[in-house]
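Below is one structure, written out as structure tokens; the observations come after it.
Numbering (the working numbering), first residue to last: 33 to 95.
Take a look at the structure:
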């Protein structure tokens, strides 16, 4: 099985819609992926209700 990740808000929206939820959820702002820090920011609803922005500071990549 492939591990799946979603924000706590995304999992909440999926649950309300009766859809499958991700196995893992996150609610904080900073995480470490192997040796690289990633930062997750929820700026509020945008194109979707659960809009998040991810910053990879070492690579200077924002998505």
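No residue lacks a Cβ here, since even glycine has one placed at the ideal position from N, Cα and C.
Residue 93 and residue 70 have their C-alpha atoms some 10 Å from each other. Given a length threshold of 3 residues, each whole run of the beta strand (DSSP E) inside the stretch 39-82 is given here in chain order: 56-58, 62-65 and 68-73.
Annotated three-state conformation of residue 34 is coil, per DSSP. For residue 64, the closest of 87, 34 and 33 by C-alpha to C-alpha distance is 87. For residue 37, the closest alpha carbon among the candidates 52, 83 and 58 is that of 58.
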